[in-house]
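J.: In the working numbering, the protein residues as written are 202 to 640.
All C-beta atoms in this analysis are idealised placements derived from N, C-alpha and C, irrespective of residue type, glycine included.
Since we're looking at a predicted model, the values are computed, not measured.
Quick one: structure below, then a few questions.
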Amino acid sequence: KFSDLYSLGVVAYELLVGEVPFTGDTPISVGYKHVHNEVPISGMGEMVDEVLRVAMAKDRMRRFRSGMEMVTALERALMGKWERVTPTEAKPIATEVGVYWQTEGVEERKEKLVTPTYSASSAERPLLKSKDEVEEEFRRERTETAIGESEKVKKQGLRRWAIFVSVVLVLILPILWRVLWWVSYERLARTLKGHEGPVNSVSFSPDGQILASGSDKGTIKLWRVSDGSLIRTLEGHIFSVESVSFSPNGKILASGGDDDTIKLWRVSDGSLIRTLKGHEYSVNSVSFSPDGKILASGSLDKTIKLWRVSDGSLIRTLEGHILSVESVSFSPDGKILASGSWDKTVKLWRVSDGSLIMILRGHRGLFSIVTSVSFSPDGKILASGSSDKTIKLWRVSDGSLIRTLEGHTGKVNSVAFSPDGKILASGSEDCTIKLWRLE
């Protein structure tokens with residue numbers, strides 16, 4: 202009843218003012234204002250404001266007792282004739298037909314009260330209750346009503362609290378789980394700084410002591426993993442270096458660039474061994490086979506080429522991606538080649554005959570180009586980096602997604618496992634290299 206009267210007060214306010222009394226960004230903020238804030242001034246005069254405050258009083262026992270009483274009070278307020286009677290001034294009046302609750306001005310109503318009289322036949326009627334009895338009965342009824350309302354409020358409060366707790370749990374538990382997982386699995390070991398532009402590719406040497414990184418500025422840097430110090434910088438590509446990869450024996454470093462070429466470098470002194478040419482457009486990725494005899498390259502021309510390292514001759518070309526091939530990587534046994542593409546997919550190829558084995562789909566959204574792929578040392582996990590700023594770990598046996606790593610603020614350009622498989626390195630356009638501990 203009282204909540205209905207409050208709603209009528211809100212409706213009356215909106216009809217008079219042209220807008221609701223309380224607004225907010227969310228239903229919760231609006232509800233909070235209804236509970237705690239005073240009714241805004243309507244601009245219709247002090248009497249109208251007082252009627253609206255009574256109609257939407259925070260204490261439900263101080264509101265109007267009926268819609269008719271509120272309408273009458275609002276009508277009199279608009280005429281400038283309404284005067285609010287406080288509960289201490291209002292009195293129950295006994296009449297022949299029952300109890301009348303005086304709501305107008307006390308002095309104004311006195312002359313309207315008529316003491317009931319009885320005709321000759323009225324002796325048969327039951328005697329009216331005394332004023333004290335009426336007041337006592339009224340107080341008792343009001344007390345019982347207040348107790349009932351109080352119990353109802355308590356139940357509503359408990360129900361709202363239960364809903365609130367449920368919502369909080371639904372929102373907080375995933376975040377808490379994410380934080381615990383982050384602490385357990387995604388602890389950042391070190392950040393290496395030195396490149397002047399975005400880092401496009403990273404690769405560990407077989408012994409895990411050197412990390413190579415290629416950047417947008419056309420340079421390749423070799424880092425000492427133990428302390429993060431810079432060993433040397435290799436220069437030779439005309440444009441951006443898109444990919445770097447160590448040979449299995451760690452003596453040769455291959456790099457692919459936007460100049461459509463592949464370069465083979467001697468790690469010991471940084472000298473250039475040879476340059477491979479064959480792709481029509483930018484070489485986005487290079488990867489050695491486990492025996493070091495084959496080099497795979499993925500290109501903007503949507504193809505993958507397999508090269509013989511000994512003489513630089515072309516073995517075969519793999520076709521299947523519908524857009525640029527961004528990354529290629531051999532499995533540890535050399536039987537499978539993984540490729541990531543602008544078409545948002547990861548493809549697994551059989552090296553012996555170039556046939557397609559499996560397609561992995563998981564990077565979603567408009568900006569979800571698969572920029573890099575890398576096998577774990579045991580060949581059981583495949584990592585893929587994407588322009589959606591995430592890194593995904595896949596189970597090679599069935600192509601299922603294991604987990605997603607988040608932390609970079611820019612496109613992830615490259616991912617690579619350490620030789621022991623305990624650390625995953627990722628290079629990003631946020632100009633940082635992150636080392637992820639996977640244990």
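(1) Exposed or buried, S627, counting other C-beta atoms within 10 Å across all chains shown (16 or more means buried)?
(2) For the putative contact between T572 and I560, defined by C-beta atoms under 8 Å, what is the C-beta separation to the nearest angstrom?
(3) To the nearest angstrom, how far is it from the Cα of G437 to the Cα of E630?
(4) Apply the 10 Å Cβ neighbour rule to L519 and answer buried if 16 or more other Cβ atoms are within range, or exposed otherwise.
(5) For G622, which of helix, strand or coil comes out of DSSP?
(6) Compute the distance between the beta-carbons of S427 and S414, then report whether it is under 8 Å.
(7) Between which two residues does the alpha helix (DSSP H) containing I229 stretch?
(8) With distances taken Cα to Cα, identify the nearest neighbour of E397 among S441, P449, L412 and W362.
(9) By Cβ distance below 6 Å, which residues in the same chain neighbour T605 in space, the five residues on each side in sequence not counted?
(10) Taking G513 as the reference, give the member of E276, G493 and L524 with the closest Cα.
(11) Let's test the definition: count the other Cβ atoms within 10 Å of the Cβ of R264 and tell me whether it reaches 16, buried, or not, exposed.
(12) With a threshold of 16 other CB atoms inside 10 Å of the CB of G232, please say whether the residue is buried or exposed.
(13) Does DSSP classify R263 as helix, strand or coil?
(14) Under 6 Å Cβ to Cβ from A278, same chain only, skipping five residues before and after it: list those, please.
(15) CA-CA distance, E239 and Y207?
(16) What are the boundary residues of the alpha helix (DSSP H) that V249 is part of?
(17) I need the boundaries of the alpha helix (DSSP H) containing T546, first residue and last residue.
(18) Exposed or buried, what is S486 when buried is set at 16 or more other beta-carbons lying within 10 Å of its beta-carbon?
(19) Sort G219, G349, L217 and H237 by Cα distance to M653 and report the nearest one.
(20) For I558, collect the residues of the same chain with a Cβ closer than 6 Å to its Cβ; drop the 5 residues on either side in sequence, then sort them by chain order.
T.: To lay it out plainly:
(1) As a first step, residue 627 must be located in the sequence shown, where it is residue number 426. Label assigned to S627: buried.
(2) Position 371 of the sequence shown, counted from the first residue, corresponds to residue 572. Position 359 of the sequence shown, counted from the first residue, corresponds to residue 560. Not a contact, Cβ separation roughly 17 Å.
(3) Residue 437 sits at position 236 when you count from the first residue of the sequence shown. Residue 630 sits at position 429 when you count from the first residue of the sequence shown. One Cα belongs to G437, the other to E630, and the distance between them is close to 22 Å.
(4) Along the sequence shown, read from residue 1 onward, the residue named residue 519 stands at position 318. Around the beta-carbon of L519, 16 or more other beta-carbon atoms lie within 10 Å, marking it buried.
(5) Position 421 of the sequence shown, counting from 1, holds the residue named residue 622. Residue state, collapsed to three classes: coil.
(6) Walking along the sequence shown from the start, residue 427 turns up at place 226. Walking along the sequence shown from the start, residue 414 turns up at place 213. Not in contact: S427 and S414 (Cβ atoms no closer than 8 Å).
(7) Here residue 229 refers to the residue found at position 28 when the sequence shown is read from its first residue. If you look at I229, you'll find it in the alpha helix (DSSP H) that goes P228 to H237.
(8) In the sequence shown, counting from the first residue as 1, residue 397 sits at position 196. That would be S441, whose Cα lies nearest to the Cα of E397.
(9) The residue given as residue 605 occupies position 404 in the sequence shown. Cβ neighbours of T605 beyond the five flanking positions: T591 and K593.
(10) What you label residue 513 is simply residue 312 of the sequence shown in a count that begins at 1. Comparing Cα-Cα distances from G513 to each of E276, G493 and L524, the minimum goes to G493.
(11) Counted from its first residue, the sequence shown places residue 264 at position 63. R264 is buried by the Cβ-count criterion.
(12) Residue 232 sits at position 31 when you count from the first residue of the sequence shown. Residue burial is scored here from C-beta neighbours: G232 has fewer than 16 other C-beta atoms within 10 angstroms and is therefore classed as exposed.
(13) Start at 1 with the first residue of the sequence shown, and residue 263 comes out as number 62. Correct three-state label for R263: helix.
(14) On the sequence shown, position 77 is the one that residue 278 refers to. Excluding positions up to five away in sequence, the list reads M248, V249 and V252.
(15) Reading the sequence shown from its first residue, position 38 is the one you call residue 239. Reading the sequence shown from its first residue, position 6 is the one you call residue 207. The alpha-carbon of E239 is positioned some 13 Å away from that of Y207.
(16) If you number the sequence shown from 1, residue 249 lands on position 48. Secondary structure note for V249: its alpha helix (DSSP H) is the uninterrupted segment E247 to A256.
(17) By one-based count along the sequence shown, residue 546 stands at place 345. Segment T546 to R551 is the beta strand (DSSP E) holding T546; no alpha helix (DSSP H) there.
(18) Here residue 486 corresponds to residue number 285 of the sequence shown, with the count starting at 1. When all chains shown are included, S486 counts as buried.
(19) Since the first residue of the chain shown is 202 and the last is 640, residue 653 is not available in this structure.
(20) Here residue 558 refers to the residue found at position 357 of the sequence shown. L549 and R551.
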